[in-house]
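A.B. asks: Numbering-wise (our numbering), the sequence shown opens with residue 1 and increments by one. Dropping a structure here in C-alpha cells format, bear with me for questions.
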Amino acid sequence: MTIEAVTVRGLMEADARGGVIRRMDRLTACLAEPENAQTGTLTVKVAIDAAGSVPDSRAVGGELATTPLGTCLVRVFYNMGFAAPSSGAAGFEITLRVGAPATP
C-alpha cells in the first residue's frame, strides 16, 4: 500500500503524511481479510478537530470506495489521532494505492 497524494487544510503535509505512515500497519491489517483481496485506489477525506481527534473520515473516490476493503481503511482513519492543529480544526484528503499501479 502506498500514498499517492495528500492535500492538506490547516496543517502541514508532513504532519498528515507522517501520521498516516506511523499507522500504516493498521491500514495494511485490512489486507489480511480474504474479502479484502482487491487492488486499486481509495481517496479518503479526513477531518481533524482542535484536539487532534478524527470526528469524520469518508471515502470520496477511487475504485475501492464502495468495497469491503475501502470500508475497513476508512474505519482505520476514523480511529487515528493526530497532533492538535495550531489552526483549530484541520483536515486532509489522501489517496492510497493498494497493489500494483494501473498500466495504461
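No residue lacks a Cβ here, since even glycine has one placed at the ideal position from N, Cα and C.
Run through the DSSP bridge pairs and tell me what PHE92 is partnered with.
C.D. replies: Working through the sequence shown from its first residue, we reach residue 92 at position 92. VAL8, VAL46.
A.B. asks: Quick one, which of ALA89, ALA37, ALA65, MET80 has its alpha-carbon nearest LEU96's?
C.D. replies: Numbered from 1 along the sequence shown, position 96 holds the residue referred to as residue 96. Per the Cα distances, ALA65.
A.B. asks: Can the beta-carbon of VAL60 be found closer than 8 Å to that of GLU93?
C.D. replies: Counted from its first residue, the sequence shown places residue 60 at position 60. Counted from its first residue, the sequence shown places residue 93 at position 93. Yes, the Cβ-Cβ distance between VAL60 and GLU93 is below 8 Å.
A.B. asks: For SER57, list the residues DSSP reports as bridge partners.
C.D. replies: By one-based count along the sequence shown, residue 57 stands at place 57. Beta-bridge pairing links SER57 to VAL46.
A.B. asks: Check each candidate in ARG9, ALA5, THR67, SER57 and name the one with the smallest Cα separation from SER87.
C.D. replies: Translated into positions along the sequence shown, residue 87 becomes position 87. Per the Cα distances, ARG9.
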